[in-house]
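Visitor: The structure that follows is given in the form of C-alpha cells.
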Amino acid sequence: MIIINAHRVNDGEFSVNSLPEAAKDFDFFKINNPDNITTHLEDVYRRFLPRFGIPVDQSIVLVPMNRGVVGTTRINYYLQQMLNP
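Structure representation (C-alpha cells):
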C-alpha cells in the first residue's frame, strides 16, 4: 500500500476521504509549498505529537520520492538534525 499511495500522492490523486475507517491512526498533511515542509515537520514533532502523547519513535514520515526538496534524503537529514542534535 505504501508504494501505491506514494504514486497516488505524486499524481495528485490522494484523498484522506478515500482512507478506510480503520485508518484512525493516520494523519495526512498536505503542504502546498515544498519549501515549508521543514517548518511543518518541526511543528508536528515539537507540538502535535506531544499534545497527543505520541512518542517520536512511534511516528513515521512517508515521503513519495527520494530526491528534491521533499525527498527522503533531505527529510531524513532534517529529522536527524532536529531529533538527534
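For the sequence shown, my numbering begins at 30 and goes up steadily by one. A virtual CB, placed ideally from N, CA and C, is assigned to each residue, including glycine.
To the nearest angstrom, how far is it from the Cα of Arg37 to the Cα of Val85?
Guide: Looking up residue 37 in the sequence shown gives position 8. Looking up residue 85 in the sequence shown gives position 56. Whole-angstrom Cα-Cα distance: 26 Å.
Visitor: Specify the secondary structure class of Pro114 as computed by DSSP and reduced to three states.
Guide: Start at 1 with the first residue of the sequence shown, and residue 114 comes out as number 85. Reduced to three states, the DSSP call for Pro114 is coil.
Visitor: Please say whether Val90 and Leu112 have beta carbons closer to each other than 9 Å?
Guide: Within the sequence shown, the letter at position 83 stands for residue 112. Within the sequence shown, the letter at position 61 stands for residue 90. No. Outside cutoff.
Visitor: Does Ile104 pass the burial test, meaning 16 or more other C-beta atoms within 10 Å, or should it be called exposed?
Guide: For the purposes of this step, residue 104 is identified with residue 75 of the sequence shown, where counting begins at 1. With 16 or more other Cβ atoms within 10 Å, it is buried.
Visitor: What residue range is occupied by the uninterrupted alpha helix (DSSP H) comprising Ile66?
Guide: The residue labelled residue 66 in the question sits at position 37 within the sequence shown. Run containing Ile66: Ile66 to Asp72, per the alpha helix (DSSP H) assignment.
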